[in-house]
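Chains as they are written, first to last, in full-length UniProt numbering: chain A, 1 to 461; chain B, 1 to 461.
Each remark here refers to the structure printed beneath this line.
Number of protein chains: 2
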Amino acid sequence: MSELDYDTILKGIKPSKQEHEEVMKLSGDLVNVINDTASELGVEVEAALVGSVSKGTWLSGNADIDILMKFPLDTSTKLLKKYGLEIGHETIKKMEGAAEERYASHPYVTGYINDYYIDFVPCYDIKSYKELKSAVDRTLLHTKYIQANLTPKQEDEVVLLKKFMESVGTYGSEFKVGGFSGYLCELMILEYGSFKETIQNAALNWKYGHTIDLMNYQTGGNFKDPLVAVDPVDPNRNVAAALTLQKMSEFVVAAVNFHQEPNESYFKQKTHEMDEEILKELFNNRKTKTVLITFKPPNIPADAVYPQIKKTEHSIVRMVESEGFEVFGSASWTDEINEAVMLIEFEVWELPVLKKHLGPKIWIREHQKRFLDKYPDNAWIEEDRWVVGVPREYTQVLTLLSDLMSGKKSGYLQFGKHLKNRIMADHQILDVKNILDSQSNTSGFIKFLYEYLHPGDKIFR
Amino acid sequence: MSELDYDTILKGIKPSKQEHEEVMKLSGDLVNVINDTASELGVEVEAALVGSVSKGTWLSGNADIDILMKFPLDTSTKLLKKYGLEIGHETIKKMEGAAEERYASHPYVTGYINDYYIDFVPCYDIKSYKELKSAVDRTLLHTKYIQANLTPKQEDEVVLLKKFMESVGTYGSEFKVGGFSGYLCELMILEYGSFKETIQNAALNWKYGHTIDLMNYQTGGNFKDPLVAVDPVDPNRNVAAALTLQKMSEFVVAAVNFHQEPNESYFKQKTHEMDEEILKELFNNRKTKTVLITFKPPNIPADAVYPQIKKTEHSIVRMVESEGFEVFGSASWTDEINEAVMLIEFEVWELPVLKKHLGPKIWIREHQKRFLDKYPDNAWIEEDRWVVGVPREYTQVLTLLSDLMSGKKSGYLQFGKHLKNRIMADHQILDVKNILDSQSNTSGFIKFLYEYLHPGDKIFR
Numbered sequence: 001m002s003e004l005d006y007d008t009i010l011k012g013i014k015p016s017k018q019e020h021e022e023v024m025k026l027s028g029d030l031v032n033v034i035n036d037t038a039s040e041l042g043v044e045v046e047a048a049l050v051g052s053v054s055k056g057t058w059l060s061g062n063a064d065i066d067i068l069m070k071f072p073l074d075t076s077t078k079l080l081k082k083y084g085l086e087i088g089h090e091t092i093k094k095m096e097g098a099a100e101e102r103y104a105s106h107p108y109v110t111g112y113i114n115d116y117y118i119d120f121v122p123c124y125d126i127k128s129y130k131e132l133k134s135a136v137d138r139t140l141l142h143t144k145y146i147q148a149n150l151t152p153k154q155e156d157e158v159v160l161l162k163k164f165m166e167s168v169g170t171y172g173s174e175f176k177v178g179g180f181s182g183y184l185c186e187l188m189i190l191e192y193g194s195f196k197e198t199i200q201n202a203a204l205n206w207k208y209g210h211t212i213d214l215m216n217y218q219t220g221g222n223f224k225d226p227l228v229a230v231d232p233v234d235p236n237r238n239v240a241a242a243l244t245l246q247k248m249s250e251f252v253v254a255a256v257n258f259h260q261e262p263n264e265s266y267f268k269q270k271t272h273e274m275d276e277e278i279l280k281e282l283f284n285n286r287k288t289k290t291v292l293i294t295f296k297p298p299n300i301p302a303d304a305v306y307p308q309i310k311k312t313e314h315s316i317v318r319m320v321e322s323e324g325f326e327v328f329g330s331a332s333w334t335d336e337i338n339e340a341v342m343l344i345e346f347e348v349w350e351l352p353v354l355k356k357h358l359g360p361k362i363w364i365r366e367h368q369k370r371f372l373d374k375y376p377d378n379a380w381i382e383e384d385r386w387v388v389g390v391p392r393e394y395t396q397v398l399t400l401l402s403d404l405m406s407g408k409k410s411g412y413l414q415f416g417k418h419l420k421n422r423i424m425a426d427h428q429i430l431d432v433k434n435i436l437d438s439q440s441n442t443s444g445f446i447k448f449l450y451e452y453l454h455p456g457d458k459i460f461r
Numbered sequence: 001m002s003e004l005d006y007d008t009i010l011k012g013i014k015p016s017k018q019e020h021e022e023v024m025k026l027s028g029d030l031v032n033v034i035n036d037t038a039s040e041l042g043v044e045v046e047a048a049l050v051g052s053v054s055k056g057t058w059l060s061g062n063a064d065i066d067i068l069m070k071f072p073l074d075t076s077t078k079l080l081k082k083y084g085l086e087i088g089h090e091t092i093k094k095m096e097g098a099a100e101e102r103y104a105s106h107p108y109v110t111g112y113i114n115d116y117y118i119d120f121v122p123c124y125d126i127k128s129y130k131e132l133k134s135a136v137d138r139t140l141l142h143t144k145y146i147q148a149n150l151t152p153k154q155e156d157e158v159v160l161l162k163k164f165m166e167s168v169g170t171y172g173s174e175f176k177v178g179g180f181s182g183y184l185c186e187l188m189i190l191e192y193g194s195f196k197e198t199i200q201n202a203a204l205n206w207k208y209g210h211t212i213d214l215m216n217y218q219t220g221g222n223f224k225d226p227l228v229a230v231d232p233v234d235p236n237r238n239v240a241a242a243l244t245l246q247k248m249s250e251f252v253v254a255a256v257n258f259h260q261e262p263n264e265s266y267f268k269q270k271t272h273e274m275d276e277e278i279l280k281e282l283f284n285n286r287k288t289k290t291v292l293i294t295f296k297p298p299n300i301p302a303d304a305v306y307p308q309i310k311k312t313e314h315s316i317v318r319m320v321e322s323e324g325f326e327v328f329g330s331a332s333w334t335d336e337i338n339e340a341v342m343l344i345e346f347e348v349w350e351l352p353v354l355k356k357h358l359g360p361k362i363w364i365r366e367h368q369k370r371f372l373d374k375y376p377d378n379a380w381i382e383e384d385r386w387v388v389g390v391p392r393e394y395t396q397v398l399t400l401l402s403d404l405m406s407g408k409k410s411g412y413l414q415f416g417k418h419l420k421n422r423i424m425a426d427h428q429i430l431d432v433k434n435i436l437d438s439q440s441n442t443s444g445f446i447k448f449l450y451e452y453l454h455p456g457d458k459i460f461r
């Protein structure tokens with residue numbers, strides 16, 4: 001690896017002095033307001049800044065301020081929920097922000113204050129994973145561990161790694177991405193010391209099942225995941241459990257590429273000139289048939305929507321392939337509000353009327369009788385098995401898709417739970433070329449199509 | 001099984017008194033002429049009538065007269081061949097017939113005399129399989145065994161069984177059919193006693209690997225064939241070795257059908273009104289694409305031609321399927337002289353330009369480098385494997401077939417030995433509809449197409 005000017009790169013991606021001061025000032029104010037509000041209400045609560053802001057590892061412009069409200073362990077869940085929401089709302093009101101309730105382990109309130117989004121999340125004030133009551137509580141331990149172990153120099157290394165991950169498309173543990181969480185990035189820097197060492201290790205040494213175990217708990221063998229990072233604050237948890245094999249592989253290959261030829265462009269989003277005409281030509285040249293099923297996504301949290309769309313997409317692919325239509329590729333996308341899309345690209349989308357149906361072996365006379373009663377015409381023998389030519393239920397994949405989506409042939413399809421009724425009530429099945437003709441597509445949708453057509457694009461520079 | 005009038009059926013299929021006398025008279029004359037000719041030449045040879053004529057089990061109009069010329073065991077192979085041909089030719093000359101030389105274990109001569117075909121085959125005069133010098137010698141032992149054990153009543157039972165087999169398409173051990181030999185039919189009658197008992201046993205009791213062992217040699221376990229009939233004159237030979245699983249299954253099912261509903265029609269060839277227009281409509285309705293590869297068969301014995309055509313047909317099917325084209329069915333046919341045909345019916349005959357090509361797993365960094373050097377563009381990752389979209393070599397199956405048959409892409413195809421040069425020099429690749437349009441097809445070819453479209457036809461009445 002030749003040397004890049006990391007200081008210059010960091011200047012572009014680290015929060016400016018002004019942003020840093022602004023965020024820290026706001027965070028400090030919020031902690032004080034919460035503590036004051038709790039006192040006024042006579043509730044024993046202490047606010048704690050957690051997450052990337054508290055650890056100095058956030059990317060410029062990405063400061064999501066997370067504040068935990070720590071309740072004593074003997075607080076009832078009911079009171080924790082009640083006061084958690086009450087203090088959150090009261091704080092946002094005092095800070096003249098806008099509030100919205102959300103749900104993770106408990107209900108909590110998010111505030112939009114001075115152009116920042118702030119989560120106010122109630123938790124129990126635990127000292128060890130053994131006292132854990134909900135997943136949120138663990139965040140407290142993570143923050144303490146990183147604050148105690150990450151050096152200021154290493155904070156910059158985390159920022160470099162996160163930005164690299166973001167550019168190559170592997171950052172974020174939410175289901176939409178299935179990539180590396182911020183905490184996992186921090187543990188990687190603690191394990192290897194620096195961004196460069198992390199890249200070098202991933203590029204040269206990582207294999208399927210690679211294990212990071214900073215506290216030497218030796219519990220890594222309990223996990224079957226592609227990457228194992230034993231949580232320093234909980235030996236029974238794999239921090240990389242949500243990382244898909246796909247994203248781990250993409251990161252390893254991006255690391256190989258970067259290691260061979262380090263380049264500043266790995267810290268920037270790749271952008272492309274892309275419009276409907278270019279996309280249409282690309283799809284045309286493949287001589288495949290690409291069909292889009294579009295519908296309005298259900299109003300549920302993003303982390304629930306993505307797996308449901310994926311599940312539906314995969315079930316459709318299995319279904320149409322079992323009917324004889326060959327799928328070249330598939331993908332799905334949603335803006336989480338108005339549009340959801342499942343894309344299926346076919347190698348074979350028309351089939352002849354006749355289909356071979358295998359029957360019993362001829363030796364089992366009873367089965368043979370039943371088979372021939374059912375198919376009195378046109379049965380024949382291949383080796384020692386009965387075969388019959390039956391009319392194919394669907395000769396056109398578009399008809400099959402239409403019947404699947406409208407429920408005429410729904411018994412076999414596994415819809416995501418919240419998708420079934422919504423798709424059946426309203427959806428469209430369109431050829432990608434017709435959609436591209438309409439010229440009224442959102443940039444997010446255009447980007448989705450571009451990325452489908454260029455799947456390896458982000459990891460090469 | 002209700003009772004059929006088997007006497008009446010037999011009247012239609014057994015040789016008439018006149019045919020019987022004519023054949024026996026001719027056979028007797030031939031034996032005498034051979035013995036006289038041998039004496040004149042001073043050669044120690046004795047003629048013996050063998051085969052179905054000698055056993056009284058031939059079907060009316062099907063009398064192939066087989067005469068063995070038995071030489072003493074100490075005769076040299078050279079002299080046996082020399083005198084075998086010499087006596088054969090001389091006998092045919094004396095009988096004013098036409099001669100043609102052929103080849104089985106030894107060269108031999110076939111004569112056409114008084115409208116009958118007669119084989120004059122030299123052999124050694126063996127008393128036991130232990131003295132066996134060539135496959136022909138065994139025929140002598142078979143004939144003796146059947147003559148010694150089959151009763152006159154059972155001769156009729158053999159005739160019924162042979163005719164039944166012929167009508168349902170399972171008679172004949174030559175490669176063209178792969179069915180039951182005459183000798184095997186005779187052994188079945190000896191085993192079960194009568195035609196009816198044979199049908200009943202096949203219908204109700206036969207399984208894969210069923211064994212007939214008239215002499216209780218208990219050597220059946222040595223054979224892996226679908227049906228085992230230990231040769232009464234040679235414990236190390238399975239008389240049913242040439243019977244295919246296909247034909248055994250067809251016979252069993254025909255037996256089941258006949259057993260459920262005995263019917264005189266099982267002793268007659270099924271005939272069908274069939275012409276080009278009807279066939280064209282049948283092919284049209286399937287909405288498949290049926291392609292015929294036609295060529296002139298090589299001038300080699302029929303038993304060599306059929307396996308070579310089958311082998312080539314199967315190799316083509318495997319080849320086109322490996323390129324992504326789905327085959328619904330295939331078959332082949334030849335008149336053994338002028339026409340040979342391989343038929344392939346496609347479910348999918350056109351494919352898009354793009355094809356997925358799987359590369360190495362990403363973990364093997366060395367392989368990855370080689371793969372990416374080879375495919376620098378458009379490679380991507382699926383899970384932890386490299387994938388690349390490459391242009392398909394063939395998007396039209398007709399182009400692929402053309403290149404295969406002309407040798408442009410021959411390395412992969414396994415042609416039958418004598419077919420390769422012949423096909424490459426001259427062949428046609430045509431859609432079945434175009435061939436049917438020509439209206440100049442032979443009845444054998446039309447029958448072949450009919451049977452391809454009605455594969456279970458003969459075993460149901």
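We put the CB at the ideal spot given by N, CA and C, even for glycine.
Given the structure is predicted, the values throughout are model-derived calculations rather than measurements.
| query | Does any residue of chain B bring its CB to less than 7 Å from the CB of residue 379(A)? | reply | Interface with chain B (7 Å Cβ-Cβ cutoff): residue 379(A) is included.
| query | Candidates 102(A), 398(A), 157(A) and 183(A): which alpha carbon is nearest residue 290(A)'s? | reply | The option with the nearest alpha carbon to residue 290(A) is 398(A).
| query | What residues from chain B crowd round residue 328(A), counting only those whose CB sits closer than 8 Å? | reply | At a beta-carbon threshold of 8 Å, the residues of chain B lying near residue 328(A) are 352, 354 and 356, ordered along the chain.
| task | May I ask you to list, following chain order, the residues of the segment 206-218 of chain B that have a beta carbon less than 7 Å from some beta carbon of chain A? | result | Cβ contacts with chain A: 207 and 208.
| request: Verify whether the separation of the beta carbon atoms of residue 173(B) and residue 269(B) is less than 7 Å. | output: No.
| request: Within 10 angstroms of the Cβ of residue 52(B), are there 16 or more other Cβ atoms? Answer buried if so, exposed if not. | output: The residue in question, residue 52(B), is buried, as its Cβ has 16 or more Cβ neighbours within 10 Å.
| said: Taking the alpha-carbon of residue 130(A) as reference, which of 22(A), 7(A), 66(A) and 233(A) has the nearest alpha-carbon? | reply: Measuring from the Cα of residue 130(A), the nearest candidate turns out to be 233(A).
| request: Using only alpha-carbon positions, find the residue among 50(B), 386(B), 213(B) and 402(B) that is nearest to residue 192(B). | output: That would be 213(B), whose Cα lies nearest to the Cα of residue 192(B).
| said: For residue 370(B), count the other beta carbons within 10 Å of its own beta carbon; 16 or more makes it buried, fewer makes it exposed. Which is it? | reply: Classification of residue 370(B): exposed, given that the 10 Å Cβ count is below 16.
| query | Listing by chain order, which chain A residues have their CB less than 7 Å from the CB of residue 485(B)? | reply | Outside the shown range of chain B (1 to 461) lies residue 485(B), about which nothing can therefore be said.
| message | For residue 451(B), would you say it is in contact with chain A, using Cβ-to-Cβ distances shorter than 7 Å as the test? | response | Not one chain A Cβ lies under 7 Å of residue 451(B).
| query | Going along chain A, which residues have a C-beta under 7 Å from residue 288(B)? | reply | Per Cβ cutoff of 7 Å: 352 and 354.
| Curious, which full-length alpha helix (DSSP H) runs of at least 4 residues does the segment 28-98 of chain A contain? | Counting whole runs of 4 or more residues, the segment 28-98 of chain A contains the alpha helix (DSSP H) stretches 51-55 and 77-94.
| message | Rounded to the nearest angstrom, what separates residue 271(B) and residue 395(A) at their Cα positions? | response | Rounded to whole angstroms, residue 271(B) and residue 395(A) show a C-alpha spacing of 34 Å.
| said: Less than 7 Å between the beta carbons of residue 419(B) and residue 262(B), yes or no? | reply: Between residue 419(B) and residue 262(B), the gap from beta carbon to beta carbon reaches 7 Å or more.
| task | Check each residue of the segment 236-270 of chain A: if its Cβ is closer than 7 Å to any Cβ of chain B, include it; give the result in chain order. | result | So the list reads 245, 246, 249, 250, 252, 253 and 256, given in the order they occur along the chain.
| field | 8 Å Cβ shell around residue 413(A) - same chain, five flanking residues per side excluded | value | 312, 315, 316, 319 and 404, listed in sequence order.
| Beta carbon of residue 13(B), beta carbon of residue 60(B): below 7 Å? | Yes. Within cutoff.
| task | Tell me, please, whether the segment 274-284 of chain A touches the segment 217-237 of chain A by the rule of three or more beta-carbon pairs shorter than 8 Å. | result | Short answer: they don't touch.
| Just checking my contact of residue 69(B) with residue 50(B) at CB under 8 Å: how many whole Å lie between their CB atoms? | In this structure residue 69(B) does not touch residue 50(B) by the C-beta definition: roughly 11 Å separates them, more than the 8 Å allowed.
| Same chain only: Cβ atoms within 6 Å of residue 99(B), ignoring 5 sequence neighbours per side | In chain order, 89, 92, 109 and 111 place their CB closer than 6 Å to the CB of residue 99(B), counting only its own chain and leaving out the 5 sequence neighbours on each side.
| said: Taking DSSP's pairing of strands, which residues face residue 332(A) in a bridge? | reply: DSSP output for residue 332(A) lists 342(A) as bridge partner(s).
| said: Check this for me: beta carbons of residue 65(A) and residue 27(A), under 7 Å apart or not? | reply: Going by C-beta atoms, residue 65(A) is nearer than 7 Å to residue 27(A).
| Residue span of the alpha helix (DSSP H) that contains residue 373(B), given as start and end | It spans 365-374 - the alpha helix (DSSP H) in which residue 373(B) sits, taken as one unbroken run.
| message | Using the three-state DSSP reduction, which class does residue 389(A) fall into: helix, strand or coil? | response | For residue 389(A), the secondary structure class from DSSP, reduced to helix, strand or coil, is strand.
| Using CA coordinates, which residue listed in 36(A), 252(A) and 304(A) is at the minimum distance from residue 416(A)? | Cα-wise, what sits closest to residue 416(A) is 304(A).
| Unbroken alpha helix (DSSP H) run spanning residue 251(A), endpoints | Where residue 251(A) is concerned, the enclosing alpha helix (DSSP H) stretches over 245-260.
| query | Under 7 Å Cβ-Cβ, which residues of chain A neighbour residue 384(B)? | reply | For the C-beta of residue 384(B), the chain A residues within less than 7 Å are, from N- to C-terminus, 208, 245 and 249.
| request: Please confirm if residue 323(A) has its CB atom under 7 Å from at least one CB of chain B. | output: No, no contact with chain B.
| query | From this set, 103(A), 433(A), 96(A) and 42(A), which residue's C-alpha is nearest residue 286(A)'s C-alpha? | reply | That would be 433(A), whose Cα lies nearest to the Cα of residue 286(A).
| request: Kindly indicate which residue of 456(B), 207(B), 340(B) and 149(B) has the alpha-carbon position closest to the one of residue 189(B). | output: Ranking 456(B), 207(B), 340(B) and 149(B) by Cα distance to residue 189(B) puts 149(B) first.
| field | Cutoff 7 Å: residue 363(B) Cβ touching any chain A Cβ | value | Residue 363(B) counts as touching chain A.
| message | Looking at the ligand PLP, does it come within less than 6 Å of residue 340(B), judged from the CB to the closest heavy atom? | response | This structure lacks the ligand PLP, and indeed carries no ligand of any kind.
| query | Taking Cβ to Cβ, would you say residue 346(B) is nearer than 7 Å to residue 294(B)? | reply | Taking 7 Å as the Cβ cut-off, residue 346(B) and residue 294(B) do not qualify as a contacting pair.
| Looking at C-alpha atoms only, which residue of 278(A), 427(A) and 436(A) is the closest neighbour of residue 406(A)? | Out of 278(A), 427(A) and 436(A), 427(A) has the C-alpha closest to the C-alpha of residue 406(A).
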